[in-house]
Amino acid sequence: MTTSPSSAPVALHPVIDQVTQRIVERSRSLRSNYLAQLEKMRGRGPRRASLSCANQAHANAAMDSGTKIWLNQAQKPNIGIVTAYNDMLSAHQPYESYPQQIREAALRFGATAQVAGAVPAMCDGVTQGRPGMELSLFSRDVIAQATAVALSHDAFDATVCLGICDKIVPGLLIGALAFGHLPTVFIPAGPMGSGLSNKEKAAVRERYAQGKATKEELLAAESAAYHSAGTCTFYGTANSNQMLLEAMGLHLPGAAFVHPSDPLRGALTDAAVERVLQLTEQSGNYKPIGQLVNEKTIVNAVIALLATGGSTNHTIHWIAVARAAGILIDWQDFDELSSVVPLLTRVYPNGTADVNAFEAAGGPTFVMRELLSAGLMHGDVMTVYGDQGLHSHTGRPVLTEAGQVAWEALPALSTDTAVMRNVTEPFAATGGLRLLQGNLGRAIVKASAVPEDAWIIQAPAKVFSSQDALVNAYKAGELNQDFVAVVIFQGPQANGMPELHHFTPVLGSLMSAGYKVALVTDGRMSGASGKVPAALHVSPEVAQGGPLGKVRDGDLIELNVHTGELRALVDEHEWAQRDVQALNKEEVFGFGRDLFAAQRRVVTAPEHGASTLFID
Numbered sequence: 016m017t018t019s020p021s022s023a024p025v026a027l028h029p030v031i032d033q034v035t036q037r038i039v040e041r042s043r044s045l046r047s048n049y050l051a052q053l054e055k056m057r058g059r060g061p062r063r064a065s066l067s068c069a070n071q072a073h074a075n076a077a078m079d080s081g082t083k084i085w086l087n088q089a090q091k092p093n094i095g096i097v098t099a100y101n102d103m104l105s106a107h108q109p110y111e112s113y114p115q116q117i118r119e120a121a122l123r124f125g126a127t128a129q130v131a132g133a134v135p136a137m138c139d140g141v142t143q144g145r146p147g148m149e150l151s152l153f154s155r156d157v158i159a160q161a162t163a164v165a166l167s168h169d170a171f172d173a174t175v176c177l178g179i180c181d182k183i184v185p186g187l188l189i190g191a192l193a194f195g196h197l198p199t200v201f202i203p204a205g206p207m208g209s210g211l212s213n214k215e216k217a218a219v220r221e222r223y224a225q226g227k228a229t230k231e232e233l234l235a236a237e238s239a240a241y242h243s244a245g246t247c248t249f250y251g252t253a254n255s256n257q258m259l260l261e262a263m264g265l266h267l268p269g270a271a272f273v274h275p276s277d278p279l280r281g282a283l284t285d286a287a288v289e290r291v292l293q294l295t296e297q298s299g300n301y302k303p304i305g306q307l308v309n310e311k312t313i314v315n316a317v318i319a320l321l322a323t324g325g326s327t328n329h330t331i332h333w334i335a336v337a338r339a340a341g342i343l344i345d346w347q348d349f350d351e352l353s354s355v356v357p358l359l360t361r362v363y364p365n366g367t368a369d370v371n372a373f374e375a376a377g378g379p380t381f382v383m384r385e386l387l388s389a390g391l392m393h394g395d396v397m398t399v400y401g402d403q404g405l406h407s408h409t410g411r412p413v414l415t416e417a418g419q420v421a422w423e424a425l426p427a428l429s430t431d432t433a434v435m436r437n438v439t440e441p442f443a444a445t446g447g448l449r450l451l452q453g454n455l456g457r458a459i460v461k462a463s464a465v466p467e468d469a470w471i472i473q474a475p476a477k478v479f480s481s482q483d484a485l486v487n488a489y490k491a492g493e494l495n496q497d498f499v500a501v502v503i504f505q506g507p508q509a510n511g512m513p514e515l516h517h518f519t520p521v522l523g524s525l526m527s528a529g530y531k532v533a534l535v536t537d538g539r540m541s542g543a544s545g546k547v548p549a550a551l552h553v554s555p556e557v558a559q560g561g562p563l564g565k566v567r568d569g570d571l572i573e574l575n576v577h578t579g580e581l582r583a584l585v586d587e588h589e590w591a592q593r594d595v596q597a598l599n600k601e602e603v604f605g606f607g608r609d610l611f612a613a614q615r616r617v618v619t620a621p622e623h624g625a626s627t628l629f630i631d
């Protein structure tokens with residue numbers, strides 16, 4: 016393999032340095048304990064050699080005779096494959112053939128590989144607006160636990176993780192960090208080809224909400240947008256995951272958005288197998304994931320999210336990921352970094368382009384090169400590839416005539432400045448997310464998706480306790496006015512914090528009709544939050560007595576992205592006297608929700624990762 020040339024050292028921006036040092040100090044004790052545990056987990060030679068003969072016989076019983084000889088000798092490294100394959104998720108369907116390819120590649124490189132286990136992987140696109148969406152957030156922690164179960168056999172010297180979407184990558188990463196003594200590489204599968212544009216798809220959704228398009232027309236539009244194997248092409252949580260893994264150096268450089276059917280895709284998978292074997296203890300170049308993922312790496316991930324206008328879900332997920340590595344971050348860190356990180360991309364819902372256009376314009380490696388050149392990322396980090404820190408991840412992968420992967424330098428300028436720009440001429444001087452605070456609590460807004468003329472809104476509240484209640488009010492003609500939709504009891508303890516896209520076409524339609532509308536909720540919206548100004552993840556949630564539960568119909572609500580304010584403009588004395596609305600605590604049954612009652616009771620607040628694994 017070849018690497019792109021390293022860049023000359025550039026001084027780190029002082030705000031990024033300050034935030035990083037604050038995280039280091041805040042995390043010092045927890046991180047030290049985590050690293051001490053990793054040291055205890057280190058082995059001497061192949062892990063399989065420590066198993067008893069009975070253990071080994073069970074682990075090797077189903078393997079072919081040639082592989083079994085190597086496994087029984089316990090002298091070669093063995094890769095544990097953790098896969099999120101299923102054929103309902105278009106993004107994960109290509110993974111069906113990956114384990115066989117990985118096993119064959121491992122044998123060529125003098126090692127073995129086994130599927131250690133599979134993890135559940137639900138599709139949020141299928142469960143939107145349905146009861147099953149109430150399991151979505153909790154599935155991340157189930158995936159983390161399933162990853163730990165898969166690796167618990169202690170028969171592996173390295174891990175490859177096969178996953179792309181929403182909660183799946185954070186869950187796999189949290190689980191892998193629990194086995195942080197193992198080198199780990201994530202292997203993506205790439206996006207589907209471009210279909211119906213996201214702008215056209217959104218327009219049909221709005222027309223359907225208005226009663227101007229039939230269900231058949233809506234299904235045809237949706238099917239033209241989501242049409243084949245590969246990741247959905249808008250820049251939501253799934254594709255944000257891929258950007259963040261690139262910025263953390265956990266992919267081979269530039270692997271994220273190569274199409275499933277491109278020959279380069281298969282070559283990158285083989286190269287990832289070769290590379291993870293070069294990081295094992297036996298290789299003499301030991302790089303376990305628990306050491307690669309450190310405070311600087313986490314900051315780089317947040318910066319990549321901000322520079323690309325990525326998913327609001329990661330203001331929850333990456334807090335949990337960081338905690339799994341003994342690192343503590345919060346929304347103040349996101350906000351301060353956002354104040355100095357420029358917005359370099361316009362990808363739907365922050366623009367009209369899809370991720371294929373993003374990749375063609377330069378992709379993640381271009382973004383990282385630009386940020387590094389301006390001192391806006393930590394370059395001095397370990398990664399799974401190269402010896403030049405994150406600078407090793409600023410070249411584009413290409414397939415050589417010999418069928419091998421090489422990396423070439425990117426052009427100096429973006430090939431499409433409507434999609435991606437250089438750091439000297441960004442779309443905006445600040446990043447895609449902002450922290451909002453006030454007498455309603457703390458919240459996150461995806462500023463990059465919202466037109467700047469909608470960054471300030473003052474309008475009367477209309478309070479709803481469910482998505483359906485809002486949609487029904489729209490159908491009854493009750494929302495043809497300026498208003499702020501206050502949707503409560505949508506936090507993790509109330510109902511598992513489902514994504515609230517069921518009513519986004521309604522709010523978008525009202526906004527298109529000229530009304531000033533906004534959303535304030537203790538729920539979440541994900542990477543596809545769209546053009547409506549939305550204060551999300553309001554904490555503390557109403558089910559825990561959060562002040563958002565004091566809002567009544569007609570209260571004047573102010574949401575100001577410029578100043579970071581989120582307030583109910585109500586007399587202070589009256590506000591202090593009001594009670595918070597009480598959650599109806601009827602038992603929840605159906606669609607498996609009753610099995611998650613314990614998680615709803617113990618889950619932490621969104622700013623602490625909405626986690627059931629790390630209890631405050």
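Residue numbering for the sequence shown follows the numbering used here, beginning at 16 and increasing consecutively.
Virtual Cβ for every residue (Gly too), placed ideally from N, Cα, C.
Looking only at C-alpha atoms, which of the options sits nearest to residue i?
| i | options | result |
| --- | --- | --- |
| Q505 | A613, G492, D497 and G561 | G561 |
| H107 | A613, V501, A51 and N254 | N254 |
| P303 | L188, Y223, V314 and V502 | L188 |
| G147 | I630, L610, E622 and T627 | L610 |
| V97 | L455, R118, Y530 and G511 | R118 |
| A218 | P466, A99, M540 and T519 | T519 |
| S554 | Q403, P426, A620 and R567 | A620 |
| S243 | G205, V336 and P24 | G205 |
| N14 | L428, F606 and T415 | This structure gives no information on residue 14, because the portion of the chain shown stretches from 16 to 631. |
| P466 | S527, Q160 and V521 | S527 |
| R145 | Y489, D348, G569 and H517 | H517 |
| L265 | G305, R37, G58 and S298 | G305 |
| L104 | D169, L50 and L177 | L177 |
| T439 | D395, A322 and L598 | A322 |
| F171 | L628, Q90 and I630 | Q90 |
| E580 | L455, V566 and G624 | L455 |
Here's a check: name, in chain order, each residue in its chain whose Cβ is nearer than 7 angstroms to the Cβ of residue i, leaving out the five neighbours to either side.
| i | result |
| --- | --- |
| L211 | A236, A239 and A240 |
| Q33 | none |
| R222 | A228 |
| Q596 | I503, V557 and G564 |
| F381 | L425, S429 and M435 |
| S326 | G251, T252, S255, S541 and G542 |
| R384 | T409 and L425 |
| M263 | V308, T312, N315 and A316 |
| S22 | The pLDDT assigned to S22 is 49, lower than 50, so where the model puts this residue is not dependable; a value taken from the coordinates is nonetheless given after this. Cβ within range, chain order: L387, S388 and H406. |
| E514 | D139, Q143, M148, S151, R539, M540 and S541 |
Near residue i, which residues of its chain fall below 8 angstroms by C-beta distance, leaving aside the five closest residues on each side in sequence?
| i | result |
| --- | --- |
| Q508 | E556, A558, Q559, R615, R616 and V618 |
| L86 | R63, Q71, A74, N75, M78, N93 and T127 |
| W346 | T330, L450, R457, I459 and E622 |
| D102 | Q108 and E111 |
| V225 | A small fix is needed here, since residue 225 is Gln in this sequence, not Val. Counting only Cβ-Cβ distances below 8 angstroms, and skipping sequence neighbours, we find S524. |
| L267 | V200, L283, A286, A287, R290, V399, Y400, P412 and V420 |
| W333 | P185, L259, I313, A316, V317, L320 and I344 |
| S65 | G58 and D169 |
| P61 | A89, Q90, K91, P92, N93, D172 and Q297 |
By Cβ distance, which residues of its chain are closer than 6 angstroms to residue i, with the 5 residues on each side in sequence left out?
| i | result |
| --- | --- |
| M16 | Confidence in M16 is poor, its pLDDT being 43 and thus under 50, which makes the residue's placement unreliable; the coordinate value appears in the next sentence. Excluding positions up to five away in sequence, the list is empty. |
| T367 | K214 |
| F194 | L166 |
Just to check my reading of the structure: residue i and residue j have Cβ atoms closer than 8 angstroms, yes? What is that Cβ distance to the nearest angstrom?
| i | j | result |
| --- | --- | --- |
| W470 | P412 | Actually they do not touch by this definition, with Cβ atoms about 39 angstroms apart. |
| L294 | A173 | 7 angstroms |
| D369 | F442 | Not confirmed; about 17 angstroms, so no contact. |
| A476 | D570 | 5 angstroms |
Contact between the region 140-156 and the region 173-182 (3+ Cβ pairs under 8 angstroms) | yes
Examine the Cβ distances between the region 21-38 and the region 353-370 and report whether three or more of them are shorter than 8 angstroms.
-> yes
Tell me, please, whether the region 358-373 touches the region 424-441 by the rule of three or more beta-carbon pairs shorter than 8 angstroms.
-> yes
Does the region 273-285 come close enough to the region 312-321 to have 3 or more Cβ pairs within less than 8 angstroms?
-> no
Is there contact here, the region 338-352 with the region 44-53, by at least three beta-carbon pairs under 8 angstroms?
-> yes
Below 8 angstroms, can you find three or more Cβ-Cβ pairs linking the region 121-132 to the region 281-294?
-> yes
Inspect the CB distances between the region 527-546 and the region 490-501 and report whether three or more fall short of 8 angstroms.
-> yes
Complete runs of the beta strand (DSSP E) confined to the region 401-479 [at least 3 residues] = 410-414, 420-424, 448-453, 456-461 and 471-479
Is it a yes or a no for the region 209-227 touching the region 186-201, going by three-plus beta-carbon pairs under 8 angstroms?
-> no
Unbroken beta strand (DSSP E) runs of length 3 or more, entirely within the region 476-530: which are they?
-> 498-502
Starting from the N-terminal side, write out each stretch of the beta strand (DSSP E) that is 3 residues or longer and does not extend beyond the region 100-187.
-> 127-133 and 173-177
Mind the definition here: the region 441-451 touches the region 563-583 only if three or more C-beta pairs lie below 8 angstroms; say whether that holds.
-> yes
Can we say the region 476-484 touches the region 384-400, given the rule of at least three CB pairs closer than 8 angstroms?
-> no
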